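Chains G and L, in that order, give the protein sequences. Each residue of the first sequence is one higher than the last, beginning at -18 in the working numbering. Each residue of the second sequence is one higher than the last, beginning at -18 in the working numbering. No residue lacks a Cβ here, since even glycine has one placed at the ideal position from N, Cα and C. Predicted model, so just to flag it, every value in this text is computed and none were measured.
Protein chains: 2
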Amino acid sequence: MKSVTRRRVLGSFGLAAGTCVLSSCQSGNQVSSSDKGGWGYPWPYVELDPEATAERAYYAYEKGCMYGVFAPVVKQLAEKRGEPYRSFPVNMMQYGAGGTGGSGSLCGALNGGAALIGLFAGTEERMKKPIGELFLWYEQTELPVYTARKPVSDIDIPKTASHSVLCHVSVSRWCAGSGYKSFGDPRKERCRRLTADAAGKIVEILNARLVGESLSGAELNEDVKTCKSCHTKGSILSNSRGTMNCGSCHFSLAKDHPKIPAT
Amino acid sequence: MKSVTRRRVLGSFGLAAGTCVLSSCQSGNQVSSSDKGGWGYPWPYVELDPEATAERAYYAYEKGCMYGVFAPVVKQLAEKRGEPYRSFPVNMMQYGAGGTGGSGSLCGALNGGAALIGLFAGTEERMKKPIGELFLWYEQTELPVYTARKPVSDIDIPKTASHSVLCHVSVSRWCAGSGYKSFGDPRKERCRRLTADAAGKIVEILNARLVGESLSGAELNEDVKTCKSCHTKGSILSNSRGTMNCGSCHFSLAKDHPKIPAT
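Encoded structure:
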């Protein structure tokens, strides 16, 4: 995993648009609010260790995938800095489990990672790129790769690329690739390890942003670019939005769709 | 919209599993934390007015659909009760705009509503049903229905049922139904009004839960029940999870799919 030196603490990612500097917000166990109320926004991010975060996420998965990614980051910051991190109701993030309340929509590990970016980034515009990095990594990487020193279950867990950010698709593809059922210990262990992977990845992304870097590497695949050239913002049709992998739902072109030239 | 009397404040939804009672957490503008640190969890919910919340959400949409649903609820509670609501960094919820960072996945208005349920419900198990109510209402209702007294844009906005909780699908269906493009003022006005609708709906759901009621009414459609009878937990195949409307992505059955008996 990418290393960021220890000296690189409190860089531009957390502070550029911030109104709350840690030294003025923290006073032992007693918290104080600003004149305007609340803690200010965005909250500063302090460099964390991806491996240590992944390990904590692996066990935090007990409260679901969104909690598993979100809580270990905020809790480590609380251990290092106290407030305001200590007052964040991290337990609320249980709502993202199973693609949000079990609905199978956005993978909770990604929702948790995106929520962290939201907490530290400051403006919607500054959130898009790091969220895109996280989501593309998830779509395109064969997961899970994390191995625990003390695994909850030592079942051999096959890796699959989800080609989608959606829990339903991600789980279905893994079931197809592994032969395991969608409920039961092997699938839970898969999602537990994947939660650890996502937590490590989001810390890599946040650390890189501290020093003004982008991990980049991942980009939209060629099929998606082709679809977007006609269907998204500024194109001829402009009749959709989003960056999700098209083929994970559009399994084939509609019968009346014009032929797409080979690239 | 459903009415819950003013006397019904701080019911079981917010307090049954809670460790933080408002009277012990609030002391004017000065906040104090519990012995364990933080504010406790879940946070208590106090009855709000759906119409007033919808109106605030309509304008709060300026910072995106997730923020637009989440912030007006927490800000109203902050106005009524002060802390801990006042310290919640509501601006982080900008991350959910455009289906999370513009990815087109889960509609941000729903992510914001689900996050509120997360804040007030206490356990993952207690979050599922109200999230399901919100999501099914969104999938099955022709939206938007909200009309502002002082609209940002007074364009006539057609209503469509999204049949999906996904931003990408919801926007695409609305574009198909309305003839408007996916970016531009009409689509923004549609999502602004839809954000107001979702904010009103989540307050209805939260108010009903205060008195131990479920709005219910909405349930999985018959097609989804048929699919789930073979593909989800406890079924023969058990190779998927989720409750999303299947037909919004699975436009037709795979060629080798067994014939489904007519119901």
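Check your understanding: Using a Cβ-Cβ cut-off of 8 Å (strictly less than) and excluding sequence neighbours within five positions of G/D137, which residues of its own chain qualify?
Key -> Numbered from its first residue, the first sequence carries residue 137 of chain G at position 156. Excluding sequence neighbours, G/D137 sits near nothing in its chain.
May I ask which residues mark the beginning and end of the alpha helix (DSSP H) holding L/P111?
In the second sequence, counting from the first residue as 1, residue 111 of chain L sits at position 130. Taken as a continuous stretch (DSSP letters only), the alpha helix (DSSP H) holding L/P111 covers 105 to 121.
Work out the CA separation of G/R222 and L/Y22 for me, nearest whole Å. The residue labelled residue 22 of chain L in the question sits at position 41 within the second sequence. The residue labelled residue 222 of chain G in the question sits at position 241 within the first sequence. The straight-line gap from Cα to Cα measures roughly 36 Å.
Straight-line Cα distance separating L/V152 from L/R171
The residue given as residue 171 of chain L occupies position 190 in the second sequence. The residue given as residue 152 of chain L occupies position 171 in the second sequence. Per the coordinates, the alpha-carbon of L/R171 lies some 9 Å from the alpha-carbon of L/V152.
Could you tell me how far apart the beta carbons of L/G85 and L/C46 are, in whole angstroms, since I believe they sit closer than 8 Å?
-> Mapped onto the second sequence, residue 85 of chain L falls at position 104. Mapped onto the second sequence, residue 46 of chain L falls at position 65. With 8 Å as the limit, L/G85 and L/C46 do not qualify as a contact, their Cβ atoms being about 12 Å apart.
G/L100 versus L/L124 - alpha carbon distance = As a position in the first sequence, residue 100 of chain G is number 119, starting the count at 1. As a position in the second sequence, residue 124 of chain L is number 143, starting the count at 1. Roughly 30 Å between the two C-alpha positions.
Interface partners of L/T158 on chain G, CB under 9 Å: To locate residue 158 of chain L, count along the second sequence from 1; it is residue 177. According to the sequence displayed, residue 158 of chain L carries Gly and not Thr. Going along chain G, no residue has its Cβ under 9 Å from L/G158, so there is no contact; the nearest lies around 11 Å.
If you measure between the beta carbons of L/L87 and L/V50, is that distance less than 9 Å?
Along the second sequence, one-based indexing puts residue 87 of chain L at 106. Along the second sequence, one-based indexing puts residue 50 of chain L at 69. Going by C-beta atoms, L/L87 is not nearer than 9 Å to L/V50.
Can a CB atom of chain L be found closer than 9 Å to the CB of G/S5? On the first sequence, residue 5 of chain G is found 24 positions in, with the first residue counted as 1. Confidence in G/S5 is poor, its pLDDT being 32 and thus under 50, which makes the residue's placement unreliable; the coordinate value appears in the next sentence. No, G/S5 lies away from the interface with chain L (no Cβ there is under 9 Å from its Cβ).
For L/I217, count neighbouring C-beta atoms within 10 Å of its own C-beta (all shown protein chains included) and say buried if the count is 16 or more, exposed if not.
Position 236 of the second sequence, counting from 1, holds the residue named residue 217 of chain L. Note on L/I217: under 16 other CB atoms within 10 angstroms of its CB, so exposed under the neighbour-count rule.
Contact with chain L by G/S14, beta-carbon distance below 9 Å = Walking along the first sequence from the start, residue 14 of chain G turns up at place 33. In this predicted model, G/S14 has a pLDDT of only 41, less than 50, meaning its place in the structure is not dependable enough to derive any value.
With distances taken between CB atoms, is the gap from G/G165 to L/S219 smaller than 9 Å?
Translated into positions along the first sequence, residue 165 of chain G becomes position 184. Translated into positions along the second sequence, residue 219 of chain L becomes position 238. Result yes, Cβ atoms of G/G165 and L/S219 sit closer than 9 Å.
Item to check | Per-residue DSSP class, three states only, for L/L58 | outcome: Along the second sequence, one-based indexing puts residue 58 of chain L at 77. Three-state result, L/L58: helix.
Q. Residues in its own chain within less than 7 Å of G/K162 by CB, not counting five upstream and five downstream?
A. Indexing the first sequence from 1 puts residue 162 of chain G at position 181. Result list for G/K162: C156, R168, in chain order.
- So, does the CB of L/P242 fall closer than 9 Å to a CB anywhere in chain G? Numbered from 1 along the second sequence, position 261 holds the residue referred to as residue 242 of chain L. Nearest CB-CB separation between L/P242 and chain G: not below the 9 Å threshold.
TODO: For G/G99, go through chain L and note every residue whose CB falls closer than 7 Å to its CB, in chain order.
DONE: Position 118 of the first sequence holds residue 99 of chain G. M73, M74, Q75, Y76, listed in chain order.
Please classify L/S233: does DSSP put it in a helix, a strand, or coil? If you number the second sequence from 1, residue 233 of chain L lands on position 252. In the structure shown, L/S233 sits in coil (DSSP, three-state: anything other than H, G, I, E or B).
First through last residue of the alpha helix (DSSP H) which encompasses L/L187: Here residue 187 of chain L refers to the residue found at position 206 when the second sequence is read from its first residue. Here the alpha helix (DSSP H) through L/L187 covers 166 to 191.
Exercise for the section: Starting from L/F101, trace the alpha helix (DSSP H) both ways and give me its first and last residue. Expected result: As a position in the second sequence, residue 101 of chain L is number 120, starting the count at 1. Segment 89 to 102, the alpha helix (DSSP H) holding L/F101.
task = Take every Cβ of the segment 55 to 74 of chain G, pair it with every Cβ of the segment 191 to 204 of chain G, and state whether three or more of those distances are shorter than 8 Å.
result = The segment 55 to 74 of chain G makes no contact with the segment 191 to 204 of chain G: fewer than 3 CB pairs, one atom from each, lie closer than 8 Å.
I want to see whether chain L comes within less than 9 Å of G/R222, judged by CB atoms only; does it?
For the purposes of this step, residue 222 of chain G is taken as the residue at position 241 of the first sequence. Output row for G/R222: interface = yes.
Q | Test: L/P111 CB closer than 9 Å to a CB of chain G | A | Residue numbering aside, residue 111 of chain L sits at position 130 when the second sequence is read from its first letter. For L/P111, a Cβ of chain G is located within less than 9 Å of the residue's own Cβ.
Burial state of G/R173, where buried means 16 or more other Cβ atoms lie within 10 Å: Position 192 of the first sequence holds residue 173 of chain G. It is buried - the Cβ of G/R173 has at least 16 other Cβ atoms within 10 Å.
(Q) Bridge partners for G/A142 per DSSP, in chain order? (A) In the first sequence, counting from the first residue as 1, residue 142 of chain G sits at position 161. Per DSSP, the beta-bridge partners of G/A142 are G/E123.
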